[in-house]
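Peer 1: Chains as they are written, first to last, in the working numbering: chain W, 1 to 406; chain F, 1001 to 1157; chain D, 2001 to 2161.
The beta-carbon is built from N, C-alpha and C at its ideal position, and this holds for glycine as well.
Keep in mind the model is a prediction, meaning the values are calculated, not measured.
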Amino acid sequence: METKTINSIPKTWEMEDLGNGRMVLNMGPSHPAMHGIVRILLTVEGERVVDSDVEIGYLHRGFEKTCENVTYNQVIPYTDRLNYVSPFINNVGFALAIEKLMDIETPERCKYLRVIMSELGRLEDHLTCIGANAMEQGAFTVYFYLINAREFLYQLTDSVAGGRVTPAYARVGGVTGDLPPDFKAKTAEVFRKVRKNLGDADKLLTRNRIFFDRMRGTGAISKRDAISMSFTGPVLRACGVPYDVRKATPYLVYDRFDFDIPVGDNGDNYDRYLVRMEEIKQSMRIVEQALAQIPEGPIRHADFNVILPAKEEVYGNIEALMAHFKLTYEGIKPTAGEIYQAVEGGNGELGYYVVSDGSGKPYRVRVRPPCFTLMAGLSKLINGGYIADIISTFGQINMIGGELER
Amino acid sequence: MNQDLIRTIQEKFPAQVTGTHAFRGDSTVTVRREALREVAGYLRDELGFEFLMDLTAVDYPEREDRFEMVYHFYSFKTNLRLRLKAPVNGKEPLIASLTPLWGAANWFEREAYDMFGIKFEGHPDLRRILMYDTFEGHPLRKDYPLKKRQPRIVHRE
Amino acid sequence: MGLETAFGHSFFTSRVDDAVNWARKYSFFQYPFVTACCGMEFMSVWASSYDIARFGAEFPRFSPRQADVLFVVGTVNEKLAPVLKRVYDQMCEPKWVVSFGVCATSGGFYDNYATVQGIDKIIPVDIYIPGCPPRPEAVLDALMKLQEKVSAESVMDKKYK
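1. If you reduce the DSSP assignment to three classes, tell me which class Val-85(W) lands in.
2. Quick one: is Glu-124(W) buried, meaning 16 or more other Cβ sit within 10 Å of its Cβ, or exposed?
3. What residue ranges within the segment 365-396 of chain W form continuous alpha helix (DSSP H) runs of no fewer than 4 residues, ordered along the chain?
4. According to DSSP, simplified to helix, strand and coil, what is Tyr-112(W)?
5. Between the alpha carbons of Val-49(W) and Tyr-1060(F), how many angstroms are there, rounded?
6. Since Gln-1150(F) meets chain D, which of its residues come closer than 8 angstroms, beta carbon to beta carbon?
7. Kindly list the residues whose CB is nearer than 8 angstroms to the CB of Asp-258(W), restricted to its own chain and excluding five residues on each side of it in sequence; keep chain order.
8. Just curious, the alpha helix (DSSP H) that Asp-244(W) is in, first and last residue?
9. Tell me which residues share the same chain as Lys-1077(F) and place their Cβ nearer than 8 angstroms to its Cβ, disregarding the 5 neighbours each side in the sequence.
10. Once you ignore the five residues that flank Ser-2010(D) on each side, which residues in its own chain have a CB closer than 6 angstroms to its CB?
11. Between the C-alpha atoms of Pro-1087(F) and Asp-1065(F), what's the straight-line distance to the nearest angstrom?
12. Can you say whether Tyr-2160(D) is buried or exposed, counting buried as having 16 or more other CB atoms within 10 angstroms of its CB?
13. Using a C-beta to C-beta distance shorter than 9 angstroms, which residues of chain F count as neighbours of Ile-423(W)?
14. CB Ala-170(W) to CB Tyr-352(W), shorter than 7 angstroms?
15. Looking at the secondary structure, which residues open and close the alpha helix (DSSP H) in which Tyr-273(W) lies?
16. Beta-carbon separation of Lys-100(W) and Arg-1024(F) under 7 angstroms?
17. Using a Cβ cut-off of 7 angstroms (strictly closer), state whether Leu-1140(F) contacts chain D.
18. Around the Cβ of Val-275(W), are there at least 16 other Cβ atoms within 10 angstroms (buried) or fewer (exposed)?
19. In chain order, which continuous runs of the alpha helix (DSSP H) of length 4 or greater are located wholly inside the segment 55-83 of chain W?
20. Lys-65(W) CB to nearest chain B CB: under 7 angstroms?
21. Could you tell me which whole beta strand (DSSP E) segments of length 3 or greater appear in the segment 325-350 of chain W?
22. Nearest-angstrom Cα distance between Thr-232(W) and Asp-1004(F)?
23. Scan the segment 2077-2098 of chain D for residues whose Cβ lies nearer than 8 angstroms to a Cβ of chain F and list them as they occur along the chain.
24. Compare the C-beta of Ile-98(W) against all C-beta atoms of chain F and say whether one is closer than 7 angstroms.
25. Based on DSSP bridge pairs, tell me the residues matched to Lys-1085(F).
26. Do three or more CB pairs link the segment 52-61 of chain W to the segment 2051-2069 of chain D at distances below 8 angstroms?
27. Would you kindly report the start and end of the unbroken alpha helix (DSSP H) that includes Val-142(W)?
28. Cutting at 7 angstroms between CB atoms, please list the residues of its own chain near Met-375(W), excluding the five before and the five after it.
29. Can the beta-carbon of Pro-1093(F) be found closer than 7 angstroms to that of Ile-1118(F)?
30. Between which residues of its own chain and Val-165(W) is the CB-CB distance below 7 angstroms, once the five residues before and five after are set aside?
31. Any idea if Pro-2130(D) is buried or exposed, counting beta-carbon neighbours within 10 angstroms, 16 or more meaning buried?
32. Leaving out five residues on either side along the sequence, give the residues of the same chain with a beta carbon under 8 angstroms from the beta carbon of Ala-388(W).
33. Give the residues from the segment 2099-2129 of chain D that approach chain F closer than 9 angstroms (Cβ to any Cβ), ordered along the chain.
34. Using only the alpha-carbon positions, how far apart do Asn-7(W) and Leu-25(W) sit?
35. Asn-1106(F) touches chain W at which residues, Cβ-Cβ below 7 angstroms?
36. I need the boundaries of the beta strand (DSSP E) containing Ala-1057(F), first residue and last residue.
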């Protein structure tokens, strides 16, 4: 039987009959059961997917080119919109990258703040991923439970950063603001609600026959293939590789917390789901420990050449005023050089490769988006399965257009 | 640790390594364009760098070899990172593909092709990935204007 | 006037426009064309805390042929522009378009080779929602504005030529 190779799949919007009982089916870019805009051209034989070609680029917004034309701190709002489900991690990653380039350390309290907000971001990411995935498979109630839990988290992070989805919280050398006075009590209350909603979702999903059957064994990949495809994050951990940047190369103060890295054995969708469920609990553990340990102190770097001085300083001190002026107009100027800084994003290793030529604008900013490699491997995961399996696999890949296509 | 790694590679490929440096804890090895696949294969098979974490390019229009390919490797076994760089000529940008060694190289290289116009020898399916087929030019080249748009359909008004 | 006196209170009169618009504005079937970050807030509006169902607009239709309101949620780039146009063309009249967030409205702070500077370059828009992304309250406000707009229309209008 002759098969058409991927290259020769016709680029049309129509369904095409290839003969031999096969046909080409066009899925996306705007498809009901898929969040995000991606187009998959499927060669199907009945309900079976024989071959597939994933086409991306529908949310390419020129992030990397834009970064070359703005100052370092102006990049931060753009990083919010990379992985817009966990914006704090992107902020923090970029700030860390530039701090590494400038060879500076932020104060202790700032590091703790960054950890706390990153983990709240991770919670938002995983809750959205599981909620949306469950909804696409028909479990609408779970979506409401988890999105409500996320709503509480949004209100919590809003009280700190002043933004729900795009907070732009980190700055090179610090963060924009300190915790509000009642943050600890509020967090405890929010976590109580999140745990309750999560427990409800767990009861509805984990031992649910329909959900189990659609997740177990679908979209599976071996450990070897996953490493070859450079998978990272929950999808890699579901294959049994305990790689997590927070443990492997601890940044900020992650080495001071007691938390576990959950791993699966089968590398299928069900294991990915279980890994994410466990990671939610671990993230809450980290936040609770961080809130218990967080020291008092400054939240910005002391040097005026790095971060804007406090308002009182600007009004009362000529040097601070000049620094304010220079930072606003020219921005910080790291030494020439290149660095790569990785943080653990919601979907895996989020890396920033920054090249500086010593001027106020980055020469090149490259983001290593975690779901880029996952999407590159999507064809491998769905070929041979049923069309319906694509929904659960795609949901667990957790494609985020902003970081995938930048 | 990093110095040992750089020395090992230098001793293995004395003629191919053209430069090394360590900056802020990141170790970098620059190799000749022709030796890329050989060195990458050695990194994967002998030194245990099983992850190709990132692959990208940087455009330096004033240099003789205009583009610089940048590869980031990570080894889970030894917990080391390494950056490999290889210069590529601007007139005829061509370099060996790493797709035979890492599946992940496929899309990364397509992106580098799309954004910089660098061709990869031995790539099974080299076509645009983020932009559309009718798009002319390569947006991340320094000489591509930031706001030069190429609409696919006629805009209103 | 005369009819009520003849038939009692089991009866009332209205204009066709009012009756039709009343039905239309409380049963928007929306097509969420979700592309980017704004989708997160769109999900929030949809979920129970903000409860878009109070406005009768909770039901998403992923087939453009069954939808009344097109929500363009997020950035549209040049690659996606033909898709958006096609989705819009497939919708039956009467149809309305809501541009959700600044990217859809004007391109936002993405002003470069890839992005379309506002979806009104591609399709006509009825309501623009500002914000990056808009807070859920802003979305609900926009929905009420759309309801006002709908109630001022007439079935005899030939809006979309």
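Peer 2: If we stick to the structure as given:
1. Val-85(W): coil per DSSP, three-state reduction.
2. Counting every other CB atom within 10 Å of its CB across the protein chains shown gives Glu-124(W) a total of 16 or more, marking it as buried.
3. Qualifying alpha helix (DSSP H) stretches, in chain order: 370-376, 378-382.
4. Looking at Tyr-112(W) - three-state DSSP - the assignment turns out to be helix.
5. Val-49(W) and Tyr-1060(F) have their C-alpha atoms spaced approximately 44 angstroms apart.
6. Proximity of chain D to Gln-1150(F) at the Cβ level (cut-off 8 angstroms) is accounted for by Glu-2078, Tyr-2113, in chain order.
7. Here the set comprises Arg-285, Gln-289.
8. Unbroken run through Asp-244(W): none, as it is neither H nor E.
9. The beta carbon of Lys-1077(F) lies closer than 8 angstroms to those of Gly-1048, Glu-1050 in the same chain, with the five residues before and after it left out.
10. Result list for Ser-2010(D): empty, nothing under 6 angstroms.
11. Annotation: Pro-1087(F) to Asp-1065(F) spans about 6 angstroms, alpha carbon to alpha carbon.
12. Bear in mind that the predicted position of Tyr-2160(D) carries a pLDDT of just 48, short of 50, making it unreliable; the figure below should be weighed with that in mind. By the neighbour-count rule (16 or more Cβ atoms within 10 Å), Tyr-2160(D) is not buried but exposed.
13. Because chain W here runs from 1 to 406, residue 423(W) falls outside it and cannot be looked at.
14. No; because the gap between Cβ atoms is not below 7 angstroms, this pair is not in contact.
15. According to the DSSP assignment, Tyr-273(W) belongs to the alpha helix (DSSP H) that extends over 269-293.
16. Cβ atoms of Lys-100(W) and Arg-1024(F): closer than 7 angstroms.
17. No, no contact with chain D.
18. Val-275(W) should be labelled buried.
19. You should have 63-67, 72-80.
20. The question asks about chain B, but that chain is absent: this structure's protein chains are W, F and D.
21. Listed in chain order, they are 337-344.
22. Spanning the two alpha carbons is a distance of roughly 27 angstroms.
23. So the close ones are Glu-2078, Lys-2079, Ala-2081, Pro-2082, Lys-2085.
24. No, no contact with chain F.
25. DSSP, once it has assigned bridges, lists Thr-1030(F), Val-1070(F) as partnering Lys-1085(F).
26. Between the segment 52-61 of chain W and the segment 2051-2069 of chain D there are fewer than three inter-stretch CB-CB distances shorter than 8 angstroms, so the stretches are not counted as touching.
27. Where Val-142(W) is concerned, the enclosing alpha helix (DSSP H) stretches over 140-161.
28. For Met-375(W), where only same-chain residues beyond five positions count, the Cβ hits under 7 angstroms are Val-54, Ile-56, Ile-397, Met-399, Leu-404.
29. Yes, Cβ-Cβ distance for Pro-1093(F) and Ile-1118(F) is below 7 angstroms.
30. Excluding sequence neighbours, Val-165(W) sits near Tyr-84, Pro-87.
31. With fewer than 16 other Cβ atoms within 10 Å, it is exposed.
32. These residues qualify, in order along the chain: Glu-47, Arg-214.
33. Cβ contacts with chain F: Asp-2111, Asn-2112, Tyr-2113, Ala-2114, Thr-2115, Val-2116, Gln-2117, Asp-2120, Lys-2121, Ile-2122, Ile-2123, Pro-2124.
34. Confidence at Asn-7(W) is low in this model, with a pLDDT of 42, below 50, so the placement of that residue should be treated as unreliable; the coordinate-derived value is given next. Whole-angstrom Cα-Cα distance: 15 angstroms.
35. What Asn-1106(F) touches in chain W, judged by beta-carbon distance under 7 angstroms, is Ala-376, going in chain order.
36. That run of the beta strand (DSSP E) goes 1051-1059.
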